[in-house]
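Take 69 as the starting number for the sequence shown in this note's numbering and just add one per residue.
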Amino acid sequence: MQIPPVPASERRRLAALDEYELLDTSGEPVFNALVEAAAAICGTPISLISLVDAERQWFKANLGLPGIESTERTISFCGHAILGDDILEVPDAREDPRFAENPLVTGAPNIRFYAGMPLETREGERLGTICVIDHVPRRLTDGQRTALRALSVAAMEQFESRRVMLRQFDSTSTELYHFDIPTMRITFASAAARKNLGYSLRELHAKSIGEILPRIADRESLADLFKELRTSPLERAVVQTEARRRDGTSYPVELHAELMRVRDNETALVFAVDLSEKLRTESELHLLSTAVDVTAEALIISEPGATPHDSPRAVYANPAFLRQKRARAEDVIGKPVDQFYGPLTDRNRIFAMREQLEHGEDVRVEYTTYRLDGTHYVAEFAARAIVDSRGTLTHYVVVQRDITENAARGAALEMQNERLTALTSIARELFATLDAQKLVQALLDGADQLTGATTKLYAARPAGGFAQTHDLTLSERVRSVRDPFIEQAAMTDIVLLGEDDRRIAIRIPGNAGRTKFILDLRASRPFEAIDIFALGLLGQYFAVAARNVELYSELSARRAAVIELNQVKNDLIAMLAHDFRGPLTTIVGFADVLGEDDRFDAESRKFLAMISSSAMRLASLATDTLALSRLEQNELVLRHEQVDTVALMREVVRAFSVSREIVLDAAQDAIVISADPSRLRQVFENLIGNAIKYSPGGEPVTINLREQSGGAVIEVRDGGIGIPQADMHKLFGRFARAQNARTMGIGGSGFGLYLTKTIVDMHGGTIDVESREGSGSTFTVTLPQALAVAARPHRRVLLVDRDGDARSYVAHALRDDGYAVTVVPSGERMLAALAEAEFDIGIIDVDSAELAPSAIVAAVRDRIALVWIGEPPIERLTGRQTVMGKPFLIRDLYVAVATALGTPASSRALSLSRTS
Ligand code: ADP
69 MQIPPVPASE
79 RRRLAALDEY
89 ELLDTSGEPV
99 FNALVEAAAA
109 ICGTPISLIS
119 LVDAERQWFK
129 ANLGLPGIES
139 TERTISFCGH
149 AILGDDILEV
159 PDAREDPRFA
169 ENPLVTGAPN
179 IRFYAGMPLE
189 TREGERLGTI
199 CVIDHVPRRL
209 TDGQRTALRA
219 LSVAAMEQFE
229 SRRVMLRQFD
239 STSTELYHFD
249 IPTMRITFAS
259 AAARKNLGYS
269 LRELHAKSIG
279 EILPRIADRE
289 SLADLFKELR
299 TSPLERAVVQ
309 TEARRRDGTS
319 YPVELHAELM
329 RVRDNETALV
339 FAVDLSEKLR
349 TESELHLLST
359 AVDVTAEALI
369 ISEPGATPHD
379 SPRAVYANPA
389 FLRQKRARAE
399 DVIGKPVDQF
409 YGPLTDRNRI
419 FAMREQLEHG
429 EDVRVEYTTY
439 RLDGTHYVAE
449 FAARAIVDSR
459 GTLTHYVVVQ
469 RDITENAARG
479 AALEMQNERL
489 TALTSIAREL
499 FATLDAQKLV
509 QALLDGADQL
519 TGATTKLYAA
529 RPAGGFAQTH
539 DLTLSERVRS
549 VRDPFIEQAA
559 MTDIVLLGED
569 DRRIAIRIPG
579 NAGRTKFILD
589 LRASRPFEAI
599 DIFALGLLGQ
609 YFAVAARNVE
619 LYSELSARRA
629 AVIELNQVKN
639 DLIAMLAHDF
649 RGPLTTIVGF
659 ADVLGEDDRF
669 DAESRKFLAM
679 ISSSAMRLAS
689 LATDTLALSR
699 LEQNELVLRH
709 EQVDTVALMR
719 EVVRAFSVSR
729 EIVLDAAQDA
739 IVISADPSRL
749 RQVFENLIGN
759 AIKYSPGGEP
769 VTINLREQSG
779 GAVIEVRDGG
789 IGIPQADMHK
799 LFGRFARAQN
809 ARTMGIGGSG
819 FGLYLTKTIV
829 DMHGGTIDVE
839 SREGSGSTFT
849 VTLPQALAVA
859 ARPHRRVLLV
869 DRDGDARSYV
879 AHALRDDGYA
889 VTVVPSGERM
899 LAALAEAEFD
909 IGIIDVDSAE
919 LAPSAIVAAV
929 RDRIALVWIG
939 EPPIERLTGR
949 QTVMGKPFLI
959 RDLYVAVATA
969 LGTPASSRAL
979 SLSRTS
């Protein structure tokens, strides 16, 4: 016996066999019919469709060998038949060496004759055969051979269509079952079905459909299904049930069953659609649609028009959308969405949005949209395009939110910002104005600019009532207003709103909180909170500015009066002093001449001497007065030279020694300092003159002179009436006289010490007094060796002040004090001015600088001294910088400037500091 050899392509052949999924499947009528035909045509009792597996041959159809499903491949005839491409015919197996010993020949089923035609796939693999077998030797006729070949083709076609179907079903996710209705056996299940159930095909063959679909196994429903299948015209039925998996879990399926009839044999082809996904989707959809229904976001779904310019049509709108539009569903659904556009709608923006959507972008835009009643609002649209599987745009989904409130809030913020900026510039305007009329105009313009309000300014009359003012003042001719609103406003707290919110009164209090002004503002629209806020601020700014203007005008009025008075006084004094000296010279001259005349007796000559000395005193008083007047007009100029104070003192003492004993004690022979000798002489004369005058008992006067740090210290001591403690502090003031001097009738003007101190100050020196009433006084003067800086008229100031030359208060004050002042409006201009001319000091109003203080400091680099007016601008003040906070007194300015320059303060500064 010969074991059938294995074909060269055995592996591919077995793989092909697997693809058909035929092995171990149930018998099928179509194959049974084929073997019946073969047996009948060839006149044999046995016919088989045999598939050659790796180790066995298995019969898909079997006629004549009941009870045999398969045999071993080694003894198979078919194993041999598949080696050739045509019929293998064995007329008598006992005569054939390949089969003579074959147990199928030697024993049951006692094969004698065999003819098998291979079943060959399109790819050329032979899966098995359709064969005919007999217990007696025989031969096939040509016709029988042809028929056998034809039947193999028919069987193979069946296999092929089955494979195609399998491939199709297995490649898709379709779950497909085929089952035999009488036996309820599953003959086929697609890959998807097997996968979902968790069974292999072979395992399924062993099962009845009832095990897989337990609920249909229920007789009634199963019977129902079949009844429906048979009675429905298309022999189809749909039923929903549950499929049970191998692991015991089950899933919902929808069965689409179709009845198939081959002769009497009824089978059913069943598509099972796993519903779990669908049900899940359905429940998700349900949730989603509920969410869409309850959400406050307005949602509309529309179908696009032909082009982005054609209006889409609404297919769905959620309740929030209908609420937003105040519309009913029927007003919206099926209607073009451009019914919601209006004049304010930016259609170009919408077209652009649709174009963007077509490009698959999500879009977010804002535009004005309308309700059907014509009202409109600003909405934000978040849109997305829905595209089908072919990429065609099918829908727009748009969520729109009414952002009118946001937009309004945004606009309000912007407006607020704008207004605050405006308010700042109005405030600047108000504060820069020193003219009352201009101030009022700035106020009215400001209110108009801020809120479009028309404004009237009312001022309170001292006697009661209010009248309109254009320059803060009230003339008697202006009539008082009779307006309850104004009257009410005068009693209320700052702001009063009236007349449909279109009128506001702002109360501006003055002294002791009494109403001073009332701003009466009217607008064509109601005032909003922001208006009221802005106008309230405006009112406050105005109040401050008005106070400034009033103060300024008061000050300038007073100042003008003072200047005028001073001028008159100075002129008078100068005139008097001048006019006095002429006659006095004459008097002194004649008295002297007469005194030499022998015709007068001794007593007369004594009188003449008294006349002469009194006239001299008057003359010196006139000189002092003149000096004082010059001093006050800043005409007193020191002419410095090297002065030996010891020598000068000796000269003065000599002159006074005639009338009194004076002891001069000089520690050095000479103490030379830089000073104006004639002024210094005045100082010495005044001190010694006083010492003599206020020691009427004739007590000696002692003078000490000594050097100290290169300068001179001069003490003038007397044993006279002394000075009462109470008067000590004021002695150096103008016209100051001590009480005791007056009561004792000692004449004097009270100028002397004032002038003395002024001259000492101008030399950078000091003067002090020690005294006890009744036991004499000591005046001590110190004079430095030299002054640090030249005389004042040469001090040049560069002032940075936005107000400009004419309006700068500081410039005015500094010029008054003898400085040469140049005013520039900004730090930038200051640096430019510095490059062009020489200055000794820079004074910078911080608010006017515009440049960063550090930049100015860096540029100036200690070339000149700097005084900052305002908030300290720099962290650390280097060498020659001084800072003056605002506000400041003029005398502080003088002192600060002098300090920065390193010079003694001016006489004017000192007089201010004494009097203030
Ligand atoms: P007068 O012209 O009154 O002397 P002064 O300015 O020189 O004016 O002095 C001011 C006042 O100071 C005097 O009126 C006097 O009361 C007081 N006084 C000045 N020197 C002396 C002194 N040596 N002893 C006492 N009192 C003096």
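Positions of the beta carbon are idealized from the N, C-alpha and C atoms, including for glycine.
Q: Could you pull out every residue in the same chain whose Cβ sits closer than 7 Å to the Cβ of Asp-248, ignoring the five residues on either side in sequence?
A: The count along the sequence shown starts at 1 and reaches residue 248 at position 180. Ser-94, Thr-255 and Thr-335.
Q) Going straight from the alpha carbon of Leu-119 to that of Leu-195, what length do you get? A) One-based indexing of the sequence shown puts residue 119 at position 51. One-based indexing of the sequence shown puts residue 195 at position 127. Rounded to the nearest angstrom, the two C-alpha atoms are 6 Å apart.
Q | Cβ-Cβ separation, Val-455 to Leu-461 (assumed contact under 8 Å), whole Å | A | Here residue 461 refers to the residue found at position 393 of the sequence shown. Here residue 455 refers to the residue found at position 387 of the sequence shown. Leu-461 to Val-455, Cβ: 6 Å. Contact.
**Q.** Buried or exposed (CB count within 10 angstroms, at least 16 for buried), Ser-817
**A.** Locating residue 817 in the sequence shown gives position 749, where the first residue counts as 1. Per the 10 Å Cβ criterion, exposed.
Q | Coarse secondary structure for Val-74, derived from DSSP in three states | A | The residue labelled residue 74 in the question sits at position 6 within the sequence shown. Reduced to three states, the DSSP call for Val-74 is coil.
Q.
In whole angstroms, give me the CA-to-CA distance for Ala-858 and Ser-843.
A. Looking up residue 858 in the sequence shown gives position 790. Looking up residue 843 in the sequence shown gives position 775. Model confidence at Ala-858 stands at a pLDDT of 41, short of 50, so the residue's coordinates are unreliable; what they give is reported in the following sentence. If I take the Cα positions, the gap works out to 41 Å.
Q: Give a single yes or no on whether Arg-805 has its beta carbon closer than 7 Å to a heavy atom of the ligand ADP.
A: Here residue 805 is taken as the residue at index 737 of the sequence shown, counted from 1. Distances taken from the Cβ of Arg-805 to the heavy atoms of the ligand ADP include one shorter than 7 Å.
Q. Where Gly-815 and Ser-672 are concerned, what is the direct C-alpha to C-alpha distance, given to the nearest angstrom?
A. As a working note, residue 815 is residue 747 in the sequence shown. As a working note, residue 672 is residue 604 in the sequence shown. When rounded, the separation of the alpha-carbon atoms in Gly-815 and Ser-672 is 24 Å.
Q. So the alpha helix (DSSP H) Asn-264 belongs to, where does it begin and stop?
A. Counted from its first residue, the sequence shown places residue 264 at position 196. Counting along the chain, the alpha helix (DSSP H) containing Asn-264 begins and ends at 259-265.
Q) Which class does Thr-983 belong to by DSSP, given the choice of helix, strand or coil? A) Residue 983 sits at position 915 when you count from the first residue of the sequence shown. In this predicted model, Thr-983 has a pLDDT of only 38, less than 50, meaning its place in the structure is not dependable; the value taken from the coordinates is given anyway. In the three-state DSSP reduction, Thr-983 falls in the helix class (H, G or I).
Q. What do you reckon, is the C-beta of Leu-694 under 7 Å from a heavy atom of the ligand ADP?
A. Here residue 694 refers to the residue found at position 626 when the sequence shown is read from its first residue. The closest heavy atom of the ligand ADP lies 7 Å or more from the beta carbon of Leu-694.
Q. Is the segment 613-633 touching the segment 489-504 in the sense that three or more CB pairs, one from each, lie closer than 8 Å?
A. Cβ pair count under 8 Å is three or more, so yes.
Q: Give a single yes or no on whether Ser-843 has its beta carbon closer than 7 Å to a heavy atom of the ligand ADP.
A: Residue mapping note: residue 843 aligns to position 775 of the sequence shown, counting from 1. Checking the Cβ of Ser-843 against the ligand ADP gives no.
Q: Excluding the 5 residues preceding and the 5 following Pro-577 in the sequence, name in chain order all residues of the same chain whose CB lies nearer than 7 Å to its CB.
A: Numbered from its first residue, the sequence shown carries residue 577 at position 509. Shown here for Pro-577: same chain residues with a beta carbon closer than 7 Å to its own, the five before and five after excluded, namely Thr-583 and Lys-584 in chain order.
Q. Which two residues bound the contiguous alpha helix (DSSP H) that contains Met-224?
A. The residue labelled residue 224 in the question sits at position 156 within the sequence shown. Element bounds for Met-224: 210-239.
Q: Measure the CB-CB distance between Cys-110 and Leu-216 and report whether it falls below 8 Å.
A: Indexing the sequence shown from 1 puts residue 110 at position 42. Indexing the sequence shown from 1 puts residue 216 at position 148. With a cutoff of 8 Å on beta-carbon distance, Cys-110 and Leu-216 are scored as near each other.
Q | Alpha-carbon to alpha-carbon, Asn-485 and Ser-548 | A | Position 480 of the sequence shown, counting from 1, holds the residue named residue 548. Position 417 of the sequence shown, counting from 1, holds the residue named residue 485. Distance between the alpha carbons of Ser-548 and Asn-485 is about 38 Å.
(Q) Using 8 Å as the threshold, is the C-beta distance between Arg-348 and Leu-327 below it? (A) On the sequence shown, residue 348 is found 280 positions in, with the first residue counted as 1. On the sequence shown, residue 327 is found 259 positions in, with the first residue counted as 1. No; because the gap between Cβ atoms is not below 8 Å, this pair is not in contact.
Q: Write down the C-beta distance between Gln-407 and Leu-440 rounded to the nearest angstrom, noting that I regard them as a contact closer than 8 Å.
A: Position 339 of the sequence shown holds residue 407. Position 372 of the sequence shown holds residue 440. With 8 Å as the limit, Gln-407 and Leu-440 qualify as a contact, their Cβ atoms being about 7 Å apart.
Q.
Using a Cβ-based criterion (distance less than 7 Å to any ligand heavy atom), does Asp-786 qualify as near the ligand ADP?
A. The residue you call residue 786 lines up with position 718 of the sequence shown. Yes, Cβ of Asp-786 sits closer than 7 Å to a heavy atom of the ligand ADP.
Q. To the nearest angstrom, how far is it from the Cα of Thr-848 to the Cα of Asp-786?
A. One-based indexing of the sequence shown puts residue 848 at position 780. One-based indexing of the sequence shown puts residue 786 at position 718. When rounded, the distance between both Cα atoms is 12 Å.
(Q) As a quick exercise: from Asn-754, Val-508, Ala-670 and Glu-497, pick the residue whose alpha carbon is nearest that of Thr-537. (A) Counting from one through the sequence shown, the residue named residue 537 turns up at place 469. That would be Val-508, whose Cα lies nearest to the Cα of Thr-537.
(Q) I'd like the span of the alpha helix (DSSP H) that includes Glu-96, first residue to last. (A) Position 28 of the sequence shown, counting from 1, holds the residue named residue 96. Counting along the chain, Glu-96 sits inside no alpha helix (DSSP H), nor does DSSP assign it H or E at all.
Q) Thinking just about the alpha-carbon of each residue, which of Leu-151, Asp-164 and Ala-108 is nearest to the one in Gly-211? A) Here residue 211 is taken as the residue at index 143 of the sequence shown, counted from 1. With distances taken between Cα atoms, Gly-211 lies closest to Ala-108.
Q: Check whether the Cβ of Arg-673 lies closer than 8 Å to any Cβ atom in chain D.
A: Here there is only one protein chain, and chain D is not present.
Q.
Nearer than 7 Å: is that true of the beta carbon of Asn-991 relative to any heavy atom of the ligand ADP?
A. Residue 991 is absent from the structure shown; the chain starts at 69 and stops at 984.
Q | Beta-ladder partner(s) of Met-328, from DSSP | A | What you label residue 328 is simply residue 260 of the sequence shown in a count that begins at 1. BP columns for Met-328 point to Thr-335.
Q) Closest to Asp-361 by CA distance: which of Glu-709, Ala-385, Ser-457 and Thr-850 is it? A) Numbered from 1 along the sequence shown, position 293 holds the residue referred to as residue 361. Of Glu-709, Ala-385, Ser-457 and Thr-850, the smallest CA-CA separation from Asp-361 is found for Ala-385.
Q: On a CA-only basis, which of Leu-823, Pro-792, Gly-184 and Ile-791 is nearest Arg-802? Give me that one, please.
A: The residue labelled residue 802 in the question sits at position 734 within the sequence shown. Closest option to Arg-802, Cα to Cα, is Leu-823.
Q) What's the C-alpha gap between Ile-600 and Ile-572? A) Translated into positions along the sequence shown, residue 600 becomes position 532. Translated into positions along the sequence shown, residue 572 becomes position 504. Between Ile-600 and Ile-572, the C-alpha separation is close to 8 Å.
Q: Locate the beta strand (DSSP E) running through Val-204, then write down its first and last residues.
A: Residue 204 sits at position 136 when you count from the first residue of the sequence shown. Segment: none, Val-204 is in no beta strand (DSSP E) and carries neither H nor E.
Q. The beta strand (DSSP E) with Lys-524 in it runs from where to where?
A. Within the sequence shown, the letter at position 456 stands for residue 524. 522-528 is the extent of the beta strand (DSSP E) around Lys-524.
Q) What residue does the beta strand (DSSP E) around Gly-533 start on, and which one ends it? A) On the sequence shown, residue 533 is found 465 positions in, with the first residue counted as 1. Counting along the chain, Gly-533 falls outside any beta strand (DSSP E), and DSSP gives it neither H nor E.
Q) Which of the three DSSP states, helix, strand or coil, is assigned to Tyr-762? A) As a position in the sequence shown, residue 762 is number 694, starting the count at 1. Of the three classes helix, strand and coil, the one that applies to Tyr-762 here is coil, per DSSP.
Q) Taking 7 Å as the cut-off, is the CB of Gly-766 close to at least one heavy atom of the ligand ADP? A) Taking the sequence shown and counting its residues from 1, the one referred to as residue 766 is at position 698. Outside the cutoff, so no.
Q) Where does Asp-869 sit, in a helix, a strand or coil, going by DSSP? A) In the sequence shown, residue 869 corresponds to position 801, counting from 1. The DSSP-derived three-state label of Asp-869 is coil.
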